[in-house]
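Residue numbers (our numbering), protein chains in the order written: chain A, 2 to 240; chain B, 2 to 240. Take a look at the structure set out below.
2 protein chains.
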Amino acid sequence: MANPRAAMLVIGDEILSGRTRDTNMHYLAGELSRIGIPLAEARFVADDHAAIVAAIQALAGAYDHLFTSGGIGPTHDDITADAVAAAFGVPIGHRADAMALLAAHYDRRGMEFNEARQRMARIPGDAALIDNPISIAPGFTLRNVHVMAGVPNIFQAMVASVLPTLTGGAPLLSQSLRVDRGEGEIAQPFGALAAAYPDLSMGSYPFIQNGAYGTNLVIRGTDGARLDEAMLKLTRLFG
Amino acid sequence: MANPRAAMLVIGDEILSGRTRDTNMHYLAGELSRIGIPLAEARFVADDHAAIVAAIQALAGAYDHLFTSGGIGPTHDDITADAVAAAFGVPIGHRADAMALLAAHYDRRGMEFNEARQRMARIPGDAALIDNPISIAPGFTLRNVHVMAGVPNIFQAMVASVLPTLTGGAPLLSQSLRVDRGEGEIAQPFGALAAAYPDLSMGSYPFIQNGAYGTNLVIRGTDGARLDEAMLKLTRLFG
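Shown next, in the form of structure tokens:
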């Protein structure tokens with residue numbers, strides 16, 4: 002059975018402007034590989050309603066799961082929840098369960114549960130809340146879309162809340178061999194090996210170190226025995 | 002006049018699998034902001050012909066410029082040039098100018114200019130070559146698509162070759178203010194300020210440091226005087 006496939010949508014002007022370096026995609030990619038729901042595509046869009054809606058519709062339609070990051074805070078540029086509602090044509094409003102969570106949180110801290118903070122309780126349709134143990138304001142899952150915060154430690158906590166609820170596939174295994182030769186030297190035999198193992202994915206990643214060319218050869222797949230077999234041949238070729 | 006807008010397409014299994022952390026998008030985003038061609042969208046796809054072709058067509062059609070990274074080396078998983086040719090319906094073959102560059106390079110180094118290395122001279126249609134001072138194998142520009150290598154130092158060298166040939170807009174300026182308050186406290190007045198300056202883009206980026214909430218408030222735009230004026234008001238509100 003083929004593994005389910007995931008996409009990610011990173012939302013925020015600050016990443017596209019070069020101000021902030023995204024770390025959530027790399028983190029999610031690793032976690033998804035482990036549970037066998039490989040990340041097949043990622044998109045980054047600005048804080049723009051139409052762009053977010055279009056990306057959600059395209060990615061939620063094309064993949065088994067869509068994970069989003071960013072745009073669910075209390076400020077005017079946090080527009081992800083509304084975009085998700087618009088993408089699926091479902092209503093959005095302050096949901097009682099999210100309001101209760103946040104009211105209790107601000108009450109404990111002696112802080113005002115003002116209008117801006119109440120904005121974080123706006124949840125589309127009958128979405129399930131995603132637990133946020135760090136700053137309480139929840140993410141949510143609507144159909145196959147998992148909406149999470151952009152702040153990396155909160156994003157990671159939400160990923161930890163969501164992933165155990167998903168049915169994964171066989172974990173994506175990988176093995177690699179580092180060779181002190183340029184890609185041009187290994188390309189022909191490596192390509193022939195890849196052609197002989199169409200069930201595995203083989204990639205070569207060149208680097209330059211101290212002025213010398215080298216290549217990392219990586220084999221990926223879900224069948225450990227096949228991976229071992231191909232790796233043995235690779236080592237005989239270039240080891 | 003509105004600034005031209007750019008998109009980026011990052012190609013490669015190694016980034017989506019979580020093995021490698023992309024650095025090219027962050028680099029390009031910063032360079033493009035400086036020359037006033039802001040990055041409006043980025044996509045990451047695997048080494049998959051159909052996915053690359055579809056992304057090139059969508060992004061080259063929607064934006065003034067498309068920059069790609071990855072997939073132009075000598076190995077079997079380097080399929081970007083063919084995808085660009087397919088996306089535009091133009092022929093691709095070993096181009097004499099690229100062959101001459103590479104033949105001279107390998108000759109100087111006393112290395113065989115084998116079939117795999119010749120693969121890097123496959124250039125679609127009448128694309129203009131992009132200079133690669135590091136490893137010689139050129140990138141290319143076909144219409145509004147700039148095709149570059151994935152290895153970061155080569156990518157950066159190619160960006161330096163391409164950007165001076167483009168007609169930029171007004172540089173995107175940004176100023177920021179760090180406040181020791183959570184987003185929920187500043188959201189209302191900050192949103193009102195943003196509404197009063199629709200020509201500027203204002204974003205708030207929360208962080209947690211030593212257990213305390215803080216927020217970076219950022220104002221972006223192309224008109225320095227307007228930016229200064231808004232920044233002064235921001236400082237009066239929260240400084």
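Quick reminder that beta carbons are idealized off the backbone N, C-alpha and C, glycines included.
Proximity below 8 Å, CB of residue i to CB of residue j
i	j	result
A117(B)	T81(B)	no
A7(B)	V54(B)	no
D48(A)	I12(A)	yes
G37(B)	G169(B)	yes
G29(B)	L17(B)	This sequence places Leu at residue 29(B); Gly is not what is there. Not in contact: L29(B) and L17(B) (Cβ atoms no closer than 8 Å).
G225(A)	L174(A)	yes
S162(A)	I137(A)	no
H66(A)	P165(A)	no
I209(B)	Q176(B)	no
V160(B)	E32(B)	yes
M121(B)	S70(B)	no
Between the CA atoms of residue j and residue i - distance to the nearest angstrom
i	j	result
E186(A)	G126(B)	27 Å
G151(B)	N145(A)	32 Å
I124(B)	I57(B)	16 Å
D108(A)	L102(A)	10 Å
A188(B)	N115(A)	10 Å
A129(A)	T142(A)	5 Å
R227(A)	G222(B)	54 Å
G192(B)	G140(A)	22 Å
Q119(B)	D78(A)	49 Å
A84(B)	H50(B)	6 Å
A158(A)	D98(A)	20 Å
Y198(A)	G72(B)	20 Å
D229(A)	V91(A)	49 Å
L218(B)	P153(B)	30 Å
M112(B)	A86(B)	29 Å
L167(A)	A59(B)	31 Å
G19(A)	G19(B)	21 Å
L201(B)	T21(A)	19 Å
7 Å Cβ cut-off: residues of chain B touching residue i
i	result
P5(A)	None at all; the shortest Cβ gap to chain B is about 14 Å.
A195(A)	H77
R118(A)	G185
G31(A)	G19
Partner residues on chain A for residue i, Cβ-Cβ distance less than 7 Å
i	result
R22(B)	H27
Contacts of residue i in chain A (Cβ-Cβ under 9 Å)
i	result
A175(B)	Looking at the sequence shown, residue 175(B) is not Ala but Ser. Simply S18, R20.
V46(B)	A41, E42, A43
S202(B)	D14, S18, A47, D48, D78
S162(B)	Those do not exist, as S162(B) stays about 18 Å from chain A at its closest Cβ, beyond 9 Å.
Listed by chain order, chain B residues near residue i by CB distance under 9 Å
i	result
N115(A)	G185, E186, A188, Q189
A84(A)	Correct list: empty, because the minimum Cβ distance to chain B is about 15 Å.
A52(A)	A41, E42
Nonlocal neighbours in the same chain, by C-beta distance under 7 Å from residue i, ignoring five residues either side
i	result
D14(A)	A47, D48
I155(A)	N133, I135, S136
M26(A)	M9, V11, A43
Same chain only: Cβ atoms within 6 Å of residue i, ignoring 5 sequence neighbours per side
i	result
Y214(A)	G183
P190(A)	L238
R35(B)	P172
R44(B)	L10, A56
H147(B)	F68, V163
S23(B)	For the record, residue 23(B) in the displayed sequence is Asp; it is not Ser. Closer than 6 Å at Cβ, skipping near neighbours: V11, I16.
G3(A)	Note on identity: in this sequence residue 3(A) is Ala, with Gly being the wrong assignment. There are no such residues.
Neighbouring residues, chain A, relative to residue i (Cβ below 8 Å)
i	result
V152(B)	P207, F208, I209
Under 8 Å from the C-beta of residue i: neighbouring residues of chain B
i	result
R221(A)	D14, S18
G192(A)	T76, H77, A117
Other residues of its chain near residue i: CB distance less than 8 Å, five sequence neighbours each side excluded
i	result
L194(A)	M203, A231, K234, L235, L238
A52(B)	V46
T216(B)	R179, V180, R182, G183, E184, I187, S205, Y206, P207, F208
A104(A)	F114
A63(A)	A8, E42
CB contact check: residue i to chain C, cutoff 8 Å
i	result
G240(A)	Here the protein chains are A and B, and chain C is not one of them.
Distance cut-off 7 Å: residue i Cβ against heavy atoms of the ligand ZN
i	result
F45(B)	This structure does not include the ligand ZN; it has no bound ligands of any sort.
Handout entry: Interface positions of the segment 55-81 of chain B facing chain A (Cβ-Cβ less than 8 Å), listed along the chain
Key = G74, P75, T76, H77, D78
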